[in-house]
Amino acid sequence: MQVYHEFLPVFDDRCEVLILGSIPSVTSRKLGFYYMHPQNRFWPVLSAVFNEKITDKKAFCLEHHLALWDTCASCEITSSSDASIKKVSPNDLSLILNKANIKQIFTTGKKAHEIYQKYLYPLYKREDICLSSTSAANAQKSLDDLIKEYAIIKQFLT
26 MQVYHEFLPV FDDRCEVLIL GSIPSVTSRK LGFYYMHPQN RFWPVLSAVF NEKITDKKAF
86 CLEHHLALWD TCASCEITSS SDASIKKVSP NDLSLILNKA NIKQIFTTGK KAHEIYQKYL
146 YPLYKREDIC LSSTSAANAQ KSLDDLIKEY AIIKQFLT
């Protein structure tokens with residue numbers, strides 16, 4: 026099924042870190058924001074990394090200078106399975122990179138990293154750091170493992 030990215034990126038000119046997923050899940054598209062599946066650990070991980078309760082996800086990102094978007098503008102995908110992604114049309118990262126002082130780009134999961142490397146790195150020549158997926162499908166990573174891994178984000182924030 027062809028899916029089109031329906032959300033604007035979260036960012037302002039103060040952002041220093043760009044976090045890129047692949048494309049929003051069915052649940053996220055239904056609820057209208059990133060990482061909204063109740064079993065996805067993205068928001069609990071960031072909450073722990075910054076030792077702060079998250080009540081407003083967009084405000085939290087901007088307060089901590091985190092830009093949030095995805096690698097795909099559109100793609101074919103079955104349900105929410107990253108493994109099924111094909112026929113990718115990438116997002117135009119210049120929208121963020123030309124306005125914010127992004128020090129580091131992170132991709133969340135192997136598929137986002139693969140898409141970034143294939144379609145976006147050749148355009149922007151900016152290395153990404155691939156973090157583990159926070160999806161419940163990534164059961165081999167515990168919440169504590171993810172928190173330790175995602176703590177690297179803070180090294181790129183002033």
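When the letters of the sequence shown are read in order and numbered with the working numbering, they come out as residues 26 to 183.
Note that CB positions come from ideal geometry on N, CA and C, so glycine has one too.
Between Ala161 and Gln27 the beta-carbon gap is near 25 Å, outside 8 Å, which marks them as no contact. DSSP lists Leu43 as the bridge partner or partners of Ala92. A residue is called buried when at least 16 other Cβ atoms come within 10 angstroms of its Cβ; Ser50 meets this threshold and is buried. Uninterrupted alpha helix (DSSP H) stretches at least 4 residues long and entirely within the region 44–124 occur at 51–56, 67–74, 82–88 and 119–122, given in chain order. Taking the CA atoms as reference points, Lys136 sits about 17 Å from Arg66. Straight through space, the alpha carbons of Ala176 and Asp169 are spaced by roughly 11 Å. Three or more beta-carbon pairs separated by less than 8 Å are not found between the region 38–45 and the region 101–115, which leaves the two stretches without contact. Straight through space, the alpha carbons of Lys128 and Glu139 are spaced by roughly 20 Å. When rounded, the separation of the alpha-carbon atoms in Phe131 and Lys112 is 22 Å.
When the beta-carbon positions are compared, Cys86 and Phe32 stay at least 9 Å from each other.
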